[in-house]
Amino acid sequence: MKMIDAQITETVRRHAESMEIRGEMDAEVLELIYERRLFKLFSPKEVGGRMLDLPEALHVFEDAAWVDGSFGWLVQIGSGAGFFATVMEPDAVRELFTPHEFYIAGSDRPMGTARKVRGGYMIGGTWPFCSGAQHASLFTVTCRIASNDMEDGRVRAFALTPEQISVEKDWNAFGLKATSSHTIHVADAFVPESYRFNVTAPHFHFDHPVYHYPFTAFATANIASTAIGIARHFFEAARAHIDGKKAGWMDKAPERYGNVDRLLEEKEDALLHARKDFYDAVTASWDTHLDGRPLDSYHLDAVVHCSKKVAKAGLDGAQALHRHLGMEVLMEDHPLNRIYRDLHVASQHGLLVDHAGKL
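Below, the structure is given as structure tokens:
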């Protein structure tokens, strides 16, 4: 059975406008996610996860984002955090990853302090942009350790439960509004030693090839697949929009429809070509990885480069096309407007931005 099927598509899109207004996922949508284990694509099967191979999961992320940007973003972020299963203590993973309503929100920014005490740490700090903060069953934060031993100053991650977190509802971006990507605050919360982990030093307690794949390329590809799905949705919705306008445009300005039609085809083709390059790069790296050969800079650079390239193709195409679609799409409650805004926000992630100016 296709993981992102007609039922999910209908349910999510039916709630999309109201979710954007409320700034969070609808309960019916969340329950579908939990039933399908869409937040557990990279979680071990031992704790109820699906544990997919990377290329398979990327297609699920793309399909989810094609349905709706906020929905797809949370499926991708929630599942990506399953990577932590290999760096946390096995007993902690069994305890924290098993719940039906499992979802990890958090931040990799070292914006907190972990003061070492008997049996664990006292955590304090503030972390912005924690997607899914409204429905998370678990939070992970990154801190600098304060101690009188060799750990002093080291950066480590820690798992906290919802009752230890204060959520500040400040996510005010113009897109991906339903992701509840709020700031979280922690004040003097005790975290046991077993809830501390280091993402850069995997233990492979729960082993799978995904957990051996380099994390930066893994995370970049995950986010890129989400941008692809949103861009595909934009071009599909734009096609329906201009076809609906065809008769009126042909009557008033016969050249308009042909011009916009050609532009859409050109930009969509550019996206699809970049999409093919992206999946080719991921597949080549994954096959090399499965063969037991080390992934060199050639493979990893290709994944990162193609991720940035496909995000740019989608964003540039949407930007070029949007201004030709008429006044209606400027209204925030127009579906194309929401998709357009979601694409901008997803593509703004630092891992997808060509900071070096090479694209």
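Here the sequence shown is numbered in the UniProt record's numbering, starting from 1 and rising by one per residue.
Cβ atoms here follow ideal geometry from the backbone N, Cα and C, with glycine treated the same way.
To the nearest angstrom, how far is it from the Cα of residue i to the Cα of residue j?
| i | j | result |
| --- | --- | --- |
| Asp91 | Ala6 | 37 Å |
| Ser131 | Gly120 | 26 Å |
| Ala231 | Asn172 | 22 Å |
| Met327 | His334 | 10 Å |
| Ala133 | Asp108 | 14 Å |
| Gly48 | Pro162 | 21 Å |
| Arg22 | Pro294 | 46 Å |
| Lys2 | Arg36 | 11 Å |
| Glu265 | Gly248 | 20 Å |
| Ala311 | Leu351 | 10 Å |
| Gly112 | Phe158 | 10 Å |
| Phe143 | Pro214 | Going by the sequence as given, residue 143 is Cys instead of Phe. Straight-line Cα distance between these residues: approximately 22 Å. |
| Ala238 | Leu325 | 8 Å |
| Gln348 | Arg115 | 34 Å |
| Gly258 | Glu31 | 44 Å |
| Gln164 | Phe139 | 9 Å |
| Gly357 | Asp301 | 15 Å |
| Ala281 | Lys246 | 39 Å |
| Gly244 | Arg50 | 41 Å |
| Val93 | Ser297 | 32 Å |
| Ile4 | Thr216 | 26 Å |
| Phe206 | Val199 | 14 Å |
According to DSSP, which residues form a beta bridge with residue i?
| i | result |
| --- | --- |
| Phe158 | Val141 and Arg196 |
| Ser166 | His185 |
| Gly112 | Gly125 and Cys143 |
| Cys130 | His182 |
Do residue i and residue j have their CB atoms nearer than 7 Å?
| i | j | result |
| --- | --- | --- |
| Ala221 | Ser137 | no |
| Val345 | Leu176 | yes |
| Glu56 | Ala178 | no |
| Leu343 | Ala318 | yes |
| Gly229 | Glu62 | yes |
| Gly106 | Val141 | yes |
| Pro110 | Val155 | yes |
| Thr226 | Ala65 | yes |
| Tyr103 | Gly82 | no |
| Val186 | Ile145 | no |
| Phe129 | Ser180 | no |
| Leu321 | Leu263 | yes |
| Ala16 | Asp68 | yes |
| His273 | Ser285 | no |
| His241 | Ile339 | no |
| Phe235 | Glu268 | yes |
| Val87 | Phe197 | yes |
| Glu95 | Tyr34 | no |
| Pro209 | Leu271 | no |
Does the Cβ of residue i have 16 or more other Cβ atoms within 10 Å, making it buried, or fewer, making it exposed?
| i | result |
| --- | --- |
| Ile184 | buried |
| Leu359 | exposed |
| Tyr195 | buried |
| Arg275 | buried |
| Met331 | exposed |
| Ser43 | buried |
| Gly72 | buried |
| Ala85 | buried |
| Arg341 | buried |
| Ala189 | buried |
| His355 | exposed |
| Met19 | buried |
| Gly125 | buried |
Going by DSSP in three states, residue i sits in which element: helix, strand or coil?
| i | result |
| --- | --- |
| residue 394 | Any question about residue 394 goes unanswered here, given that the chain covers just 1 to 359. |
| Asp333 | coil |
| Arg341 | helix |
| Arg14 | helix |
| Phe190 | strand |
| Val117 | strand |
| Arg232 | helix |
| Val353 | coil |
| Trp171 | coil |
| Thr283 | helix |
| Gln348 | coil |
| Lys312 | helix |
| Gln43 | Reading off the sequence shown, one finds Ser at residue 43, where the question assumed Gln. In the structure shown, Ser43 sits in coil (DSSP, three-state: anything other than H, G, I, E or B). |
| Asp149 | coil |
| Asp251 | helix |
| Arg275 | helix |
| Ile4 | coil |
| Leu54 | helix |
| Leu38 | coil |
| Lys245 | helix |
| Arg262 | helix |
| Asp291 | coil |
| Val67 | helix |
If you measure from the beta carbon of residue i to each beta carbon in chain C, is any gap under 7 Å?
| i | result |
| --- | --- |
| Cys143 | Among the chains in the structure shown there is no chain C, since it carries only a single protein chain. |
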